[in-house]
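Just below is one structure, and these are the notes that go with it.
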Amino acid sequence: MRFNKQLFFIFCGGALGGVVFLGITSSFALMLSENGFELKNISLILFATLAYSWKFLLSPYVKKIIHNYSIKKITALVQSLILILFSTLGIFANYKSILLASINVLLLATITASHDIICSYIKLKNFETKEFGIVGAVSNTGFRIGILLSTGILLYLAEKIGWQYSYFYCIAPVIIISLISVFCLKLKDVSNENTVIANNKKKYESNKSPMKNLIKSLVAFYEQYPVLIILLIVFSFKVSDSTVNSTKVILLAHLHIDKVTIANICQIPGIFGLILGGFLAGIVSYKYNISNCLKYSLLLQLLVCCLFFYISITDSNLMKMAIILNISSLIFGFSNVMYRAFVDTISNGDINVNTSLGSIGPLFRTILSSASFLILDFTGWSMFYVICALATVPGIVICYKNSYQKLLFR
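Under our numbering, the first residue of the sequence shown carries the number 3, and numbering increases by one thereafter.
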């Protein structure tokens, strides 16, 4: 494995994504709330972050731009736009405009999603399949550190100097380091690819409209792979991750554990568990076949559901809970990186397919997180975790069947 400048760029891309994601969701919601925005208006503004879920629609356009211009210059321009748009979020501390706030968040989410696509493109074109797990672990670590910056430093700066300038001072160092990583990159020249590659078919495809290329890529993928089986595997991956993660704090509160204790045994150690689990996934997927790693990852997700079922039916022993919660964070970190490596592997280097498959996971997570509270209200805690455990079984069965493994991993 080459620990090189490309990995440094991927790490910085993850950190940038983490800072922006939390900066335009929970931290931004807190700022708007403190400055007199009504809750219904805050909810309306945050709907603009849905651009993250639909970034597959951007991928053909980003791909076309990358192929016609210098990827370094495009990436630097995108990062500069992120700096400007993120910094201007602070002005809404004084200037109360729902429309302008929504437009700003929408533009920022769109530009950041485009940056994510560029990072994915560089990953697919510069790393081998067996290295995707390590790359995912590095990106995951950057993302978690970015979240820590948005939750810690951004709020600290807001308390000391006010919201108006805190967004700029929070992201400026990250952007500077990211720009350094961009200009340190050593990539093959993808600019003006249509004139460089003497291949009529590629030349014809690149001259088509970007949306036609996206549709053609997805149709070709549909013809080659069992898409319904892949969707079922993604669903099985996201069931435990979404439902258990979205309800675990409420479960602890239901068991009469105070907020400070929840933070000490769950939230703070959980970040480091996610990072460590991600690196374990990267090492395992590098050494072993991704198909085997996939089924073991799903078995670990099943184990998490069983552990939370155990918490829900036993006495609230803090030591046991702390151990179980940190094991679950480790498993979630492992599974998230393994899921990303799975998507990168079956997309076969096609950024359109990669981005489309990558958008399915967040979509399932949003739906399952919302539905989990309805199911919980109907079933109660113990039965809820039993249902979550059963929902992971189809994915496990599929991953153990050799016929499907041969279809998925050719």
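Note that CB positions come from ideal geometry on N, CA and C, so glycine has one too.
DSSP-derived helix/strand/coil call for residue i
| i | result |
| --- | --- |
| PHE413 | One cannot answer for residue 413 here, as it falls past the ends of the chain, which runs 3 to 412. |
| ASN194 | The predicted position of ASN194 is uncertain, since its pLDDT is 43 and thus under 50; no value can be drawn from it. |
| TRP56 | coil |
| CYS308 | helix |
| ASP243 | helix |
| THR316 | coil |
| PHE39 | coil |
| CYS186 | coil |
| SER293 | helix |
| SER99 | coil |
| GLY279 | helix |
| GLY284 | helix |
| CYS172 | helix |
| GLY164 | coil |
| ASN201 | Residue placement at ASN201 cannot be trusted, given a pLDDT of 45 that sits under 50; the coordinates are not used to answer. |
| MET3 | The predicted position of MET3 is uncertain, since its pLDDT is 48 and thus under 50; no value can be drawn from it. |
| TYR206 | Bear in mind that a pLDDT of 40 at TYR206, under 50, signals an unreliable position, so the number given afterwards is only what the model happens to contain. Residue state, collapsed to three classes: helix. |
Residue i, enclosing alpha helix (DSSP H) - first and last residue
| i | result |
| --- | --- |
| ASP260 | From DSSP, ASP260 is part of no alpha helix (DSSP H); its letter is neither H nor E. |
| CYS401 | 383–402 |
| TYR224 | 212–226 |
| PHE88 | 73–89 |
| SER152 | Element bounds for SER152: n/a, residue is neither H nor E. |
| GLY15 | 7–25 |
| ILE68 | 61–70 |
Integer Cβ distance of residue i from residue j, believed to fall under 8 Å
| i | j | result |
| --- | --- | --- |
| ILE292 | THR357 | 19 Å between Cβ atoms; not a contact. |
| VAL184 | THR77 | 5 Å |
| VAL176 | VAL21 | 6 Å |
| PHE134 | SER287 | 7 Å |
| LEU296 | SER180 | Not confirmed; about 31 Å, so no contact. |
| TRP56 | SER374 | The Cβ separation is near 23 Å, so there is no contact. |
| TYR387 | SER337 | At roughly 17 Å, the Cβ-Cβ gap does not stay under 8 Å, so TYR387 and SER337 are not in contact. |
| ILE136 | GLY284 | 4 Å |
| THR394 | VAL221 | Actually they do not touch by this definition, with Cβ atoms about 30 Å apart. |
| ILE277 | LYS125 | Between LYS125 and ILE277 the Cβ distance is about 19 Å, and since that is not below 8 Å, they are no contact. |
| GLY397 | PHE239 | 7 Å |
| ASN142 | GLY15 | With 8 Å as the limit, ASN142 and GLY15 do not qualify as a contact, their Cβ atoms being about 11 Å apart. |
Option in the options with minimal Cα separation from residue i
| i | options | result |
| --- | --- | --- |
| PHE170 | LEU24, GLN81, GLY92, ASN354 | GLY92 |
| ILE73 | CYS186, ALA222, MET213 | CYS186 |
| SER122 | LEU254, LEU301, GLN8 | GLN8 |
| PHE88 | ASN215, GLY25, TYR224 | GLY25 |
| LEU332 | MET385, ASN319, ALA139 | ALA139 |
| GLU40 | SER99, PHE239, ASN70 | SER99 |
| SER244 | ALA78, TRP56, ALA391 | ALA391 |
| ASN6 | ILE147, VAL286, PHE129, PHE30 | PHE129 |
| ILE84 | CYS172, VAL388, ILE377 | CYS172 |
| VAL64 | THR112, GLY279, LYS403 | THR112 |
| LEU359 | PRO62, GLY15, LEU52, PHE58 | PHE58 |
| GLN66 | ASN354, LEU230, LYS132 | According to the sequence provided, residue 66 is Lys. The question's Gln does not apply to it. Measuring from the Cα of LYS66, the nearest candidate turns out to be ASN354. |
| SER104 | THR27, PHE223, LEU253 | THR27 |
| ARG367 | LEU110, LEU305, LYS289, LEU233 | LEU233 |
| ILE44 | MET33, VAL246, ILE398 | MET33 |
| HIS117 | GLY154, SER61, SER219, ILE163 | SER61 |
| VAL399 | GLY335, PHE334, THR316, LEU301 | LEU301 |
| LEU257 | SER384, TYR167, LEU376 | SER384 |
Proximity test, residue i beta-carbon vs the ligand GTP heavy atom, cut-off 7 Å
| i | result |
| --- | --- |
| GLN8 | Looking for the ligand GTP in the displayed structure turns up nothing, as the structure carries no ligands at all. |
Cβ of residue i within 8 Å of any chain D Cβ
| i | result |
| --- | --- |
| LEU83 | The chain labelled as chain D is not found in the depicted structure, where only one protein chain is given. |
Query - Minimum length 4: unbroken alpha helix (DSSP H) runs contained in the segment 342–384 - result: 353–381
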